[in-house]
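Protein chains in written order, with the numbering used here: chain W, 51 to 384; chain B, 51 to 384. Here is the structure we will look at.
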């Protein structure tokens with residue numbers, strides 16, 4: 051028997067009808083394969099939130115002013131944001147990275163200072179990043195994940211904060227998956243129809259301006275510092291055989307870039323939540339992915355990933371702790 | 051402002067886009083109303099599993115032999131079943147009730163001994179219960195919930211174990227909702243198409259035999275001891291302003307009976323999981339309900355309810371712990 055067969059046998063011998071734990075069984079199988087073990091464990095879960103500003107926010111693509119990115123970073127540091135609440139609930143170590151916020155946080159020791167620049171450039175005027183900035187951001191994401199790996203982490207999730215970053219995610223989806231821009235754009239933080247049409251017009255202009263081909267070039271032209279750091283982080287998590295919990299629209303756009311660079315990253319991904327941002331559905335379909343939860347969230351910060359954590363933990367616990375038919379002396383099906 | 055408006059205002063002032071926490075916001079509102087409080091809390095969560103046998107199992111409607119009900123009760127007592135694993139994970143107090151298993155558990159102190167009889171009667175031969183048995187079962191369910199209420203519990207969930215009990219649930223759905231029996235029957239623990247057709251034929255015969263009208267009569271003729279205890283338990287939980295986490299197909303059939311007796315019970319219910327048992331979708335639609343999770347579970351024991359617990363807890367935590375825009379100094383949307 052190969053490992054897949056051994057794991058499946060272990061699952062099927064648990065005291066439950068065959069397949070009755072549905073998606074939990076799929077998760078148990080997936081993480082067992084990632085860890086190459088019949089007795090997988092979740093160790094030292096970490097959630098990294100990357101914050102960065104977007105030049106394109108100047109075009110009025112968001113309901114919120116750009117200052118909110120920095121304000122929300124302070125909210126994270128003070129423990130008052132949704133992601134703080136959910137990480138505390140599940141004992142997940144939360145770390146906040148300044149990937150490129152348009153604000154100087156001075157030497158605040160609670161932030162991981164990795165600012166690439168004070169926000170990306172306005173894509174209508176110039177590519178969002180230089181290729182050097184994009185590489186630097188990816189490298190930083192890799193280093194941060196490597197640090198956690200060395201401390202024993204084997205499951206990790208990523209979130210983001212950046213006013214305007216649904217625009218980057220929409221553009222990345224458009225470019226990577228060749229989906230019409232209209233279908234890639236949604237309400238973001240709560241735009242009405244007229245505002246969405248305006249956003250579509252802005253993104254169309256942006257999309258028509260540059261036609262890069264390589265995965266990293268597309269990321270450079272249309273991404274953001276927080277997105278590129280997540281892309282690097284995902285690639286490094288794959289290298290270290292970590293389980294990656296994938297959050298919503300923006301986090302998945304970072305994965306899209308990682309997938310284009312190294313398709314095997316998908317083997318390590320658990321898709322946590324299908325965002326209420328409508329294009330996320332298309333993004334997941336493009337990746338052949340099916341999300342665990344559908345709670346109509348559209349908040350970002352990685353909240354979907356952290357809310358899914360206990361379900362993933364349940365999958366590992368049933369695999370390790372449930373009795374088998376033989377152990378429990380329970381009759382099997384006829 | 052009335053309480054609904056006050057709660058909604060509290061939710062809307064949290065540092066997130068309006069409505070961005072989706073179903074968590076609905077849960078927070080619902081539990082605040084149940085508890086008549088702007089600062090709801092979840093206290094001493096308890097999960098009661100009711101076990102009972104079904105005479106109809108003699109007709110071969112399940113893949114598993116009847117003995118499995120008692121065997122699984124021992125598995126619960128030994129901590130080896132899925133429900134044990136998930137209750138331990140979330141610190142939920144698990145209690146196992148012998149509602150009417152066809153086995154003598156002697157004086158095992160870990161079981162709550164409330165056996166009505168050694169299994170219900172075979173519905174093809176006689177009504178499942180007598181009206182006295184059904185009343186006794188409902189009364190018992192009420193007493194057990196009352197006990198937990200007096201110890202401080204304000205959130206409760208119910209699960210079941212009983213070989214053959216999807217048949218009862220299908221019959222209850224058919225009778226209460228006037229849905230054709232073919233649409234009320236699914237694969238249960240894993241029947242193939244031929245076996246499902248056989249099950250439909252048996253249930254048709256059973257359904258045509260009796261035509262009770264009153265809610266409690268329908269429960270008496272087609273229910274089970276574990277189902278009737280759950281119905282009583284749900285009604286008592288409503289009386290005590292508890293939040294009720296509703297599990298899958300069989301637990302919802304018990305709720306259906308409770309709903310027919312007292313429609314207001316729905317105000318206290320959170321629907322945790324849409325079962326892979328296909329008729330559960332119809333049952334939820336009939337109740338106008340939308341389940342939180344859809345993990346393709348079809349296990350019973352109340353596993354869906356317990357797996358949803360951390361999501362419900364997240365809803366309460368965000369309401370109580372997240373900062374408001376004013377607290378955090380974050381700018382609101384334009």
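Virtual Cβ for every residue (Gly too), placed ideally from N, Cα, C.
Reduced DSSP secondary structure (H/G/I, E/B, other) of residue i
{"i": "residue 242 of chain B", "result": "coil"}
{"i": "residue 116 of chain B", "result": "coil"}
{"i": "residue 281 of chain W", "result": "helix"}
{"i": "residue 343 of chain W", "result": "strand"}
{"i": "residue 323 of chain B", "result": "strand"}
{"i": "residue 201 of chain B", "result": "coil"}
{"i": "residue 64 of chain B", "result": "strand"}
{"i": "residue 364 of chain B", "result": "helix"}
{"i": "residue 309 of chain W", "result": "helix"}
{"i": "residue 160 of chain W", "result": "coil"}
{"i": "residue 92 of chain B", "result": "coil"}
{"i": "residue 105 of chain B", "result": "helix"}
{"i": "residue 258 of chain B", "result": "helix"}
{"i": "residue 381 of chain W", "result": "coil"}
{"i": "residue 173 of chain B", "result": "coil"}
{"i": "residue 302 of chain W", "result": "helix"}
{"i": "residue 53 of chain W", "result": "helix"}
Boundaries (first-last residue) of the beta strand (DSSP E) holding residue i
{"i": "residue 207 of chain B", "result": "205 to 211"}
{"i": "residue 166 of chain B", "result": "Run containing residue 166 of chain B: none; DSSP gives neither H nor E here."}
{"i": "residue 155 of chain B", "result": "Unbroken run through residue 155 of chain B: none, as it is neither H nor E."}
{"i": "residue 39 of chain W", "result": "Within the shown structure, residues of chain W are numbered from 51 to 384, placing residue 39 of chain W beyond reach of any answer."}
{"i": "residue 97 of chain W", "result": "96 to 102"}
{"i": "residue 133 of chain W", "result": "That residue, residue 133 of chain W, is in no beta strand (DSSP E); its alpha helix (DSSP H) goes 132 to 139."}
Partners in chain W for residue i, counting only beta-carbon separations shorter than 8 Å
{"i": "residue 68 of chain B", "result": "240"}
{"i": "residue 349 of chain B", "result": "66, 67, 70 and 71"}
Neighbouring residues, chain B, relative to residue i (Cβ below 8 Å)
{"i": "residue 139 of chain W", "result": "360, 363, 364 and 367"}
{"i": "residue 117 of chain W", "result": "381"}
{"i": "residue 94 of chain W", "result": "By Cβ distance, chain B contributes nothing, its closest Cβ being about 18 Å from residue 94 of chain W, past 8 Å."}
Delimiting residues of the alpha helix (DSSP H) encompassing residue i
{"i": "residue 143 of chain W", "result": "From DSSP, residue 143 of chain W is part of no alpha helix (DSSP H) but of the beta strand (DSSP E) over 143 to 150."}
{"i": "residue 81 of chain W", "result": "72 to 85"}
{"i": "residue 374 of chain W", "result": "It is not in any alpha helix (DSSP H) - residue 374 of chain W carries neither H nor E in the DSSP assignment."}
{"i": "residue 333 of chain W", "result": "329 to 336"}
{"i": "residue 270 of chain B", "result": "265 to 272"}
{"i": "residue 221 of chain W", "result": "215 to 227"}
{"i": "residue 233 of chain B", "result": "231 to 234"}
Chain B residues whose Cβ lies nearer than 9 Å to that of residue i
{"i": "residue 340 of chain W", "result": "Result: empty, since nearest Cβ-Cβ is about 10 Å, beyond 9 Å."}
{"i": "residue 122 of chain W", "result": "65, 378 and 380"}
{"i": "residue 243 of chain W", "result": "Correct list: empty, because the minimum Cβ distance to chain B is about 16 Å."}
Of the listed residues the options, nearest to residue i (C-alpha basis)
{"i": "residue 176 of chain W", "options": "W:149, W:281, W:271 and W:56", "result": "W:271"}
{"i": "residue 269 of chain B", "options": "B:148, B:223 and B:163", "result": "B:223"}
{"i": "residue 172 of chain W", "options": "W:237, W:294, W:255 and W:261", "result": "W:255"}
{"i": "residue 363 of chain B", "options": "B:64, B:80, B:59 and B:60", "result": "B:80"}
{"i": "residue 383 of chain B", "options": "W:102, W:115, W:100 and W:296", "result": "W:115"}
{"i": "residue 20 of chain B", "options": "B:67, B:53, B:91 and B:146", "result": "Because chain B here runs from 51 to 384, residue 20 of chain B falls outside it and cannot be looked at."}
{"i": "residue 203 of chain W", "options": "W:233, W:187, W:381 and W:292", "result": "W:292"}
{"i": "residue 218 of chain B", "options": "B:188, B:250, B:245 and B:200", "result": "B:250"}
{"i": "residue 91 of chain B", "options": "B:158, B:103, B:120 and B:206", "result": "B:206"}
{"i": "residue 336 of chain B", "options": "B:310, B:353 and B:352", "result": "B:310"}
{"i": "residue 305 of chain B", "options": "B:326, B:289, B:282 and B:325", "result": "B:282"}
{"i": "residue 53 of chain W", "options": "W:75, W:87 and W:64", "result": "W:87"}
{"i": "residue 105 of chain B", "options": "B:288, B:352, B:226 and B:117", "result": "B:117"}
Per-residue contacts from residue i into chain B (C-beta, under 7 Å)
{"i": "residue 158 of chain W", "result": "None at all; the shortest Cβ gap to chain B is about 15 Å."}
{"i": "residue 130 of chain W", "result": "65, 372, 373, 377 and 378"}
{"i": "residue 136 of chain W", "result": "364"}
Proximal residues of chain W, C-beta to C-beta of residue i below 9 Å
{"i": "residue 146 of chain B", "result": "The premise fails here: residue 146 of chain B is roughly 14 Å from chain W at the closest Cβ pair, so nothing lies under 9 Å."}
{"i": "residue 249 of chain B", "result": "Within 9 Å Cβ-Cβ: nothing; residue 249 of chain B doesn't reach chain W, min ~14 Å."}
{"i": "residue 326 of chain B", "result": "69, 70 and 72"}
Any non-hydrogen atom of the ligand NAP within 7 Å of residue i CB
{"i": "residue 281 of chain B", "result": "This structure lacks the ligand NAP, and indeed carries no ligand of any kind."}
Residue i: contacting residues in chain W (beta-carbon distance under 7 Å)
{"i": "residue 73 of chain B", "result": "345 and 346"}
{"i": "residue 200 of chain B", "result": "Result: empty, since nearest Cβ-Cβ is about 28 Å, beyond 7 Å."}
{"i": "residue 125 of chain B", "result": "65, 373, 378 and 380"}
Worksheet entry | Residues within the segment 358 to 371 of chain W neighbouring chain B, beta-carbon criterion of under 8 Å | 360, 361, 363, 364, 367, 368 and 371
Practice prompt. Return the residues of the segment 202 to 216 of chain W that lie within a Cβ-Cβ distance of less than 9 Å from chain B, sorted by chain order.
Written response: none
Fill in: Under 8 Å (Cβ pairs) to chain W, residues found in the segment 299 to 333 of chain B
326
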